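If you read the sequence shown in this note's numbering, its first letter stands for residue 47, the second for the next number, and so on.
Idealized CB from N, CA, C, for every residue including glycine.
For clarity, every value in this text was computed on a predicted model and none was experimentally measured.
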Amino acid sequence: DYRQHPFIFHARNRSEIEYGLRCQMSWPGRPTRLYANRSGYRNDSGEPRCHDVMTHAAEVADVDRYRASYEEFIDRCGVREMIASSSARITLGRVKDSLAAIDDKTLVEEEAVWRKSFAGTRFLKDLADRFEQLKTASAGEIT
Numbered sequence: 047d048y049r050q051h052p053f054i055f056h057a058r059n060r061s062e063i064e065y066g067l068r069c070q071m072s073w074p075g076r077p078t079r080l081y082a083n084r085s086g087y088r089n090d091s092g093e094p095r096c097h098d099v100m101t102h103a104a105e106v107a108d109v110d111r112y113r114a115s116y117e118e119f120i121d122r123c124g125v126r127e128m129i130a131s132s133s134a135r136i137t138l139g140r141v142k143d144s145l146a147a148i149d150d151k152t153l154v155e156e157e158a159v160w161r162k163s164f165a166g167t168r169f170l171k172d173l174a175d176r177f178e179q180l181k182t183a184s185a186g187e188i189t
């Protein structure tokens, strides 16, 4: 019973955009890499895999109390503006820019990774189109 033991909910992806950002790792001056342990944003039935865990693990009244406590904690600590500032960086443009920053070599070498990781997202088509353009261009160089 979850009410008998302390627990922490973490690593919730709330949107496709947040998921897209979390599939990649980047450092200044180094090529963007892709996490190989992602299994796609949507499952086979089309539902997002990344749902609000609390709504499945706890009773509604307990979830409401948790959320109220969380909001009170944020206010008491004075971090609401910091959270809003951090959340403001989670944008569609940032995802697209980070995907565009993946170098061609990584895109080719990690095809299986990005096809799996970005399955069920709007970003998979962009990556697949770019990959096909690379294949077409390299085939033209051979002939």
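Could you check whether residue j and residue i sit closer than 8 Å to each other, using their CB atoms as the reference points?
{"i": "L180", "j": "D150", "result": "yes"}
{"i": "V159", "j": "A82", "result": "yes"}
{"i": "T78", "j": "A134", "result": "no"}
Smallest Cα separation from residue i: which of the options?
{"i": "E64", "options": "L170, Y87, E155", "result": "Y87"}
{"i": "W145", "options": "F119, R176, C123, A158", "result": "In the sequence as displayed, the identity of residue 145 is Leu instead of Trp. The shortest C-alpha separation from L145 is found at R176."}
{"i": "G139", "options": "E178, E105, F169", "result": "F169"}
{"i": "V154", "options": "E178, V141, K171", "result": "E178"}
Specify, as a first and last residue, the run of the alpha helix (DSSP H) that residue i falls within.
{"i": "E93", "result": "Premise fails: E93 is in no alpha helix (DSSP H) and is neither H nor E."}
{"i": "Y116", "result": "106 to 123"}
{"i": "I129", "result": "126 to 134"}
{"i": "R140", "result": "138 to 146"}
{"i": "S163", "result": "157 to 163"}
{"i": "Y81", "result": "Counting along the chain, Y81 falls outside any alpha helix (DSSP H), and DSSP gives it neither H nor E."}
{"i": "G66", "result": "62 to 68"}
Could you give the distance in angstroms between the alpha-carbon of residue i and the alpha-carbon of residue j?
{"i": "G186", "j": "L80", "result": "28 Å"}
{"i": "S61", "j": "D143", "result": "17 Å"}
{"i": "R126", "j": "M71", "result": "26 Å"}
{"i": "V109", "j": "E118", "result": "14 Å"}
{"i": "F164", "j": "N89", "result": "12 Å"}
{"i": "A174", "j": "T152", "result": "13 Å"}
{"i": "C69", "j": "S85", "result": "10 Å"}
{"i": "A57", "j": "T182", "result": "Bear in mind that the predicted position of A57 carries a pLDDT of just 49, short of 50, making it unreliable; the figure below should be weighed with that in mind. Looking at the two C-alpha atoms, the distance is approximately 39 Å."}
If residue i and residue j are in contact, beta carbons under 8 Å, what's the gap, nearest whole angstrom?
{"i": "T167", "j": "G66", "result": "6 Å"}
{"i": "I120", "j": "I129", "result": "7 Å"}
So does residue i have its beta carbon nearer than 7 Å to some heavy atom of the ligand PLP?
{"i": "T78", "result": "The ligand PLP is absent from the structure shown, which contains no ligand whatsoever."}
Let me see if you follow: with CB-CB separation under 8 Å, is residue i close to chain D or not?
{"i": "G75", "result": "In the structure shown, chain D cannot be found, because there is only a single protein chain."}
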